[in-house]
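Undergrad: My questions will all concern the structure given below.
Encoded structure:
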């Protein structure tokens, strides 16, 4: 099959593009500078197993690149759109860009072609898009990705694929085409559009909510001057019903906050639990900053980790930057944001700037590469939310 992937050089699109190129002709449609590295067989971001696929000539020979879908009048059997729904400065979903992209892309599909949306959409949007696309003999499917970033190539082959359509089922011909596209998927779950939309949003809110629960308990424990890490360890010891409680720590990234806001907006603001979840997780950085500003006194402060999660290079919506901004307001000393995995103008990778005996350190992102470094820091000079 001939498949176009809009946003195919990004965190969602590239792993899927490489898997699809094992059996299909793939066009990555993306103006991203990532393409320069991809063409050279270099991974533009952290993803387990991606380096190997980028060095596979048979896979790369099945991929071509375009900056824009309008460059020529090529027709595809299927187009996959990986662009999500952003939120504006008032935390309301912005659907215009995605809607325009869907309408434009449909002109480059063959008759009875398949248009697949992969990222978060506002509940009800697919139903609206379907009405127009159905008139054009285009099959619209909502097939949300639900992978853990950095492990997409592993999880895409293991996690069931949700197939959202206008009904609970699709015709045999379309089903056969879907199974050809997702040839690497072992199980398919068929739902209505709205069900698929909420599955995606509920999955992310559930994770975000569990982090908020743990962070709230952390704040309560700190209020009693007790170690939450020790309490949690004892809670979970040989007690299976507490086994899945996560540790306290910064919970952020490009999906969890945004998807919770999408639910908040789609439920007319009647989502007090979602509002509390956002407030607890976001303001944990404020609490840490207040604590650190008192403990560090006039020492130089080093924030360890700028990525939104451990062992990753993605800094989108990372709370490390919120912590950095607040500390700059609360303290008069120098603040360094240090992370050798992250490429950002405010982030340093120069280890020589660190003085393990004199500086005050805050572990914001618990990268594995920090393990040896942490052992060099006196306990009085370290604030470790993950183990305090």
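Residue numbers (this note's numbering): 1 to 388. Idealized CB from N, CA, C, for every residue including glycine.
Report buried or exposed for residue 118, applying the criterion of at least 16 other Cβ atoms within 10 angstroms of its Cβ.
TA: buried
Undergrad: Among 204, 159 and 161, whose alpha-carbon lies nearest the alpha-carbon of residue 253?
TA: 204
Undergrad: Can you give me the C-alpha to C-alpha distance between residue 97 and residue 6, rounded to a whole angstrom?
TA: Counting only the Cα atoms, residue 6 lies some 13 Å from residue 97.
Undergrad: For residue 223, tell me which candidate among 287, 309 and 367 has the shortest Cα-Cα distance.
TA: 287
Undergrad: For the pair the segment 149-162 and the segment 117-133, tell me if three or more CB-CB distances fall below 8 Å.
TA: no
Undergrad: Check whether the segment 88-96 touches the segment 109-118, counting contact only when three or more Cβ pairs, one atom from each stretch, lie closer than 8 Å.
TA: no
Undergrad: Does the Cβ of residue 334 have 16 or more other Cβ atoms within 10 Å, making it buried, or fewer, making it exposed?
TA: Exposure of residue 334 is indicated by the presence of fewer than 16 other C-beta atoms within 10 angstroms of its C-beta.
Undergrad: Whole angstroms are fine: how far does the CA of residue 241 sit from the CA of residue 43?
TA: 40 Å
Undergrad: Within 10 angstroms of the Cβ of residue 262, are there 16 or more other Cβ atoms? Answer buried if so, exposed if not.
TA: buried
Undergrad: Below 8 Å, how does it come out for the segment 225-234 and the segment 152-168: are there three or more Cβ pairs, yes or no?
TA: Touching, no.
Undergrad: Residue 321 by DSSP, collapsed to three states: which one?
TA: helix
Undergrad: So residue 247 and residue 214 are in contact, right, with Cβ under 8 Å, and what is the actual spacing, rounded?
TA: 7 Å
Undergrad: Under the DSSP definition of a beta bridge, which residues are partnered with residue 384?
TA: Paired residues: 363.
Undergrad: Return helix, strand or coil for residue 261, following the three-state DSSP convention.
TA: In the three-state reduction of the DSSP assignment, residue 261 falls in the helix class, which pools H, G and I.
Undergrad: Specify the secondary structure class of residue 286 as computed by DSSP and reduced to three states.
TA: Residue 286: helix per DSSP, three-state reduction.
Undergrad: Using alpha carbons as the reference points, say which of 308, 325, 9 and 344 lies closest to residue 318.
TA: 308
Undergrad: Which runs of the alpha helix (DSSP H), 4 residues or longer, sit entirely within the segment 25-59?
TA: 34-39 and 50-54
Undergrad: Count the other CB atoms, across all protein chains shown, that sit within 10 Å of the CB of residue 164; report buried if there are 16 or more and exposed otherwise.
TA: buried
Undergrad: Using the Cβ count rule (16 or more neighbours within 10 Å means buried), how would you classify residue 375?
TA: exposed
Undergrad: Counting only the same chain and skipping the five closest in sequence on each side, list residues whose C-beta sits under 7 Å from that of residue 45.
TA: 11, 313 and 314
Undergrad: How many angstroms separate the CA atom of residue 202 from the CA atom of residue 195?
TA: For residue 202 and residue 195, the gap between their C-alpha atoms comes out near 10 Å.
Undergrad: Any idea what DSSP makes of residue 242, helix, strand or coil?
TA: It is helical.
Undergrad: Does the beta-carbon of residue 281 have 16 or more other beta-carbons within 10 angstroms, so that it is buried, or is it exposed?
TA: When all chains shown are included, residue 281 counts as buried.
Undergrad: Taking the straight line between their C-alpha atoms, what separation do you get for residue 106 and residue 124?
TA: 19 Å
Undergrad: Any contact of the segment 290-306 with the segment 348-361, i.e. 3+ C-beta pairs under 8 Å?
TA: yes
Undergrad: I think residue 190 touches residue 169, with their Cβ atoms under 8 Å apart; what is that distance to the nearest whole Å?
TA: 5 Å
Undergrad: Determine the contact status of residue 305 and residue 367, defining contact as a CB-CB distance below 8 Å.
TA: yes
Undergrad: Determine the direct distance from the alpha carbon of residue 338 to that of residue 38, and round the result to whole angstroms.
TA: 27 Å
Undergrad: Taking the alpha-carbon positions, what's the residue 102 to residue 369 distance?
TA: 42 Å
Undergrad: On the DSSP bridge assignment, give the partners of residue 304 in chain order.
TA: 338 and 363
Undergrad: To the nearest angstrom, how far is it from the Cα of residue 15 to the Cα of residue 294?
TA: 44 Å
Undergrad: What would DSSP say about residue 73, mapped onto helix, strand or coil?
TA: In this structure, residue 73 counts as coil in the three-state DSSP scheme.
Undergrad: Scan the segment 147-197 and note each continuous beta strand (DSSP E) run of 3 residues or more that stays entirely inside, going in chain order.
TA: Counting only runs of 3 or more, we get 161-165 and 188-192.
Undergrad: Cβ of residue 29 within 8 Å of Cβ of residue 17?
TA: no
Undergrad: Please return the same chain residues whose Cβ sits closer than 6 Å to the Cβ of residue 145, not counting the five positions on each side in sequence.
TA: 12 and 118
Undergrad: Determine the burial state of residue 140: buried for a count of at least 16 other Cβ atoms within 10 Å of its Cβ, exposed for fewer.
TA: buried
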